[in-house]
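A.B. asks:
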Amino acid sequence: MDENKELSQMLESFDEKTSLKDLQDYAKKMIQVRGFDEETPQDVMLLLTEEIGELAKEIRKASTNIKCDVAKNNESNLANEIADVFNYVLAMCKVYDLDLLEVFKAKERTNMKRKWN
Numbered sequence: 191m192d193e194n195k196e197l198s199q200m201l202e203s204f205d206e207k208t209s210l211k212d213l214q215d216y217a218k219k220m221i222q223v224r225g226f227d228e229e230t231p232q233d234v235m236l237l238l239t240e241e242i243g244e245l246a247k248e249i250r251k252a253s254t255n256i257k258c259d260v261a262k263n264n265e266s267n268l269a270n271e272i273a274d275v276f277n278y279v280l281a282m283c284k285v286y287d288l289d290l291l292e293v294f295k296a297k298e299r300t301n302m303k304r305k306w307n
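If you use the numbering used here, the sequence shown closes out at 307, no skipped numbers anywhere.
1) Using the Cα positions of D227 and I221, report the straight-line distance between them to the nearest angstrom.
2) Suppose contacts are defined by Cβ-Cβ distances below 8 Å. Is K218 in contact with M200 by that definition?
3) Does DSSP put N267 in a helix, in a strand, or in coil?
4) Cα-Cα, which of Y278, K195, N194, A252 is closest to P231?
5) By Cβ distance, which residues of its chain are closer than 7 Å to I272, with the 5 residues on each side in sequence left out?
6) Classify A281: buried if its beta carbon has 16 or more other beta carbons within 10 angstroms, exposed otherwise.
7) Taking 8 Å as the cut-off, decide whether the C-beta atoms of K247 and S266 are in contact.
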């Protein structure tokens with residue numbers, strides 16, 4: 191089967207019951223199919239940082255009075271930038287072979303022991 195067709199079928203099968211493991215499995219396959227499987231942790235971190243910057247710009251455009259260049263397209267891409275950040279979080283998990291659900295739960299257990307004010 192064509193790898194892009196396989197990715198497309200996986201993507202279309204996702205719904206509100208899709209697990210984080212399913213998303214991580216998709217990300218691993220997508221990274222391999224698109225030829226990004228040789229990226230180092232540093233490469234992925236740089237790309238993630240770039241996407242976080244793009245997300246910050248979208249938030250700035252949507253919710254502040256900071257002036258924007260009127261010559262540029264100021265149409266909101268907030269949802270796309272959040273998706274890009276999530277993709278690179280999944281990529282970072284792939285690079286370090288982390289189960290996102292398990293590391294999330296472990297971190298939340300730690301956070302629950304903290305006092306917040």
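All residues carry an ideal CB built from backbone N, CA and C; glycine is no exception.
Just so you know, these numbers come straight off a predicted model, no measurement behind them.
C.D. replies: In short:
1) 6 Å
2) Cβ distance not < 8 Å, so K218 and M200 don't count as in contact.
3) coil
4) Y278
5) Cβ-Cβ distances below 7 Å link I272 to L245 in the same chain, with the five nearest sequence neighbours on each side left out; the list follows chain order.
6) buried
7) no
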